[in-house]
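The structure appears below as structure tokens.
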Amino acid sequence: MSIKISGAPCSWGVDDVRNPHLPKWTRVLDEASQAGYKGIELGPYGFMPLDAGVVGAELKKQGLNIVAGTIFDDLVSEANLDNLLAQADNICGLVKRLPPLPVNAGQKHEAPYLVIIDWGHPERDINAGHPDRAPRLSTAEWARMVEHIKAIAKLAHEKHGVRSVIHPHAGGYIEFEDEIRQLIRDIPHDIAGLCLDTGHLYYSKMDPAQWLKEQADRIDYVHFKDVDARVYEEVMNEKIAFFDACAKGVMCPIGKGDIDYPQIKKVLEGIDYHGYITIEQERDPRHADTSLRDVKASLDYLKSIGFN
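For any residue, its number in the numbering used here is found by taking its place in the sequence shown, counting from 1, and adding 2.
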């Protein structure tokens, strides 16, 4: 395998840019560099400046490159489409003005990617991880979301040459097995790929290794996280929103949770995956004082089992 491991601001609790407790973006880059990372995601729209000169200078200072930008927003509502397209335009315009990443031998599409995630629906958030009780979209709502994703991916590709990848995420309307399978049927791979996340698959009652193997042809990008089985069992017995569960510590450093990463490595070798993998560990940003420790522990663990 030719794989590069990168990081993401959510490991510092950066998910909602309106949260008053977020660390500064420069601190996130500095600590990611200290931990040994060479790549990082932009984080949610609005966390890092859209000024390529400012961001590029800080990345150069820290020896980092941007692996992906993210749309983490309501993909369903018709009224939100203009906002989604503006985000896609601004994110892709920024990443294409930053220094390019190396393309690993065997990598399907060059990075940085545009990661597309549905979010912002309280009725789904409170049912994250529960496929039996979470409400589903109507046929018309699902079709509208699919068209929005296609429009985002088309803009990213045709205007900026950026590859879009769709990320199933706990608490959004693309989370469970039935939804991922429908998404694959509705959006051809030439329009957008998949970004599968081991932690979200586990959280939502799916086997990460099985899904990585099964969807090998559709996967362009992978996220790694780990899940504390004790905390997971606790929050599954509560009525709790996804990020409130993260604040309780349901996500933990790689190698300290219930996901079998030696097995994941064998699966990735078996499907001949090449390219980038990003480590995430969502948390309350008020706990960001332990982020450097944890992201370094995750990277060190993956190196210890043979990831480069």
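We put the CB at the ideal spot given by N, CA and C, even for glycine.
- Nearest Cα to A54 within the set W213, K26 and I93: I93.
- Rounded to the nearest whole angstrom, the C-alpha separation of D222 and R135 is 30 Å.
- The beta carbon of A34 is closer than 6 Å to those of G9 and I42 in its chain, skipping five residues each way along the sequence.
- Residue environment: G65 is assigned as exposed (fewer than 16 neighbouring CB atoms within 10 Å of its CB, all protein chains considered).
- In this model, E149 and Q36 are separated by some 41 Å (Cα to Cα).
- Residues of the same chain with a CB within less than 6 Å of the CB of A194, apart from the 5 flanking positions on each side, are A155, S166 and I168 in chain order.
- Judged by DSSP secondary structure, I7 falls within the beta strand (DSSP E) whose first and last residues are I5 to S8.
- DSSP lists Y223 as the bridge partner or partners of C197.
- In the displayed model, S166 falls within a strand according to three-state DSSP.
- In the three-state scheme derived from DSSP, where H, G and I count as helix and E and B as strand, L116 is classed as strand.
- Per the C-alpha coordinates, the member of Y234, R20, L61 and P46 positioned closest to R29 is L61.
- Remark: C-beta atoms of G259 and D302 do not approach each other more closely than 7 Å.
- Judged by DSSP in its simplified three-state form, V19 adopts coil rather than helix or strand.
- The beta carbon of E177 sits closer than 6 Å to those of P170 and S206, all from its chain and outside the five residues before and after it, given in chain order.
- Taking all protein chains in view, the Cβ of D192 is surrounded by fewer than 16 other Cβ atoms within 10 Å, so the residue is classified as exposed.
- With contacts defined as CB atoms closer than 7 Å, R285 and G71 fail to qualify as a contacting pair.
- F244 carries a helical assignment under DSSP once its states are collapsed to helix, strand and coil.
- T72 is bridged by DSSP to V117.
- By the Cβ neighbour-count rule, S13 is buried, with 16 or more other Cβ atoms within 10 Å of its own.
- In the DSSP assignment, T280 forms a beta bridge with S8 and H225.
- At the C-beta level, P25 and A249 stay beyond 7 Å of one another.
- If you ignore the 5 residues before and after F74, its C-beta comes within less than 6 Å of the C-beta of P46, I119 and W121, all in its own chain and listed in chain order.
- According to the DSSP assignment, D188 belongs to the alpha helix (DSSP H) that extends over E179 to D188.
- Our two residues, M208 and L214, have alpha carbons roughly 11 Å apart in a direct line.
- For G131, the three-state secondary structure derived from DSSP is coil.
- In this structure, the CA atom of V19 is about 29 Å from the CA atom of H111.
- For D76, the closest alpha carbon among the candidates F49, D180, S300 and I151 is that of I151.
- Per DSSP, D302 is one residue of the alpha helix (DSSP H) stretching across S293 to S306.
- For V30, the enclosing alpha helix (DSSP H) begins and ends at W27 to A37.
- For the pair V164 and L116, the CB atoms are nearer than the 7 Å cut-off.
- For A172, the CB contacts under 7 Å within the same chain, skipping 5 residues up- and downstream, are A130, G131, H202, Y205, S206 and F244 in chain order.
- Per DSSP, N239 lies in no alpha helix (DSSP H) segment and is marked neither H nor E.
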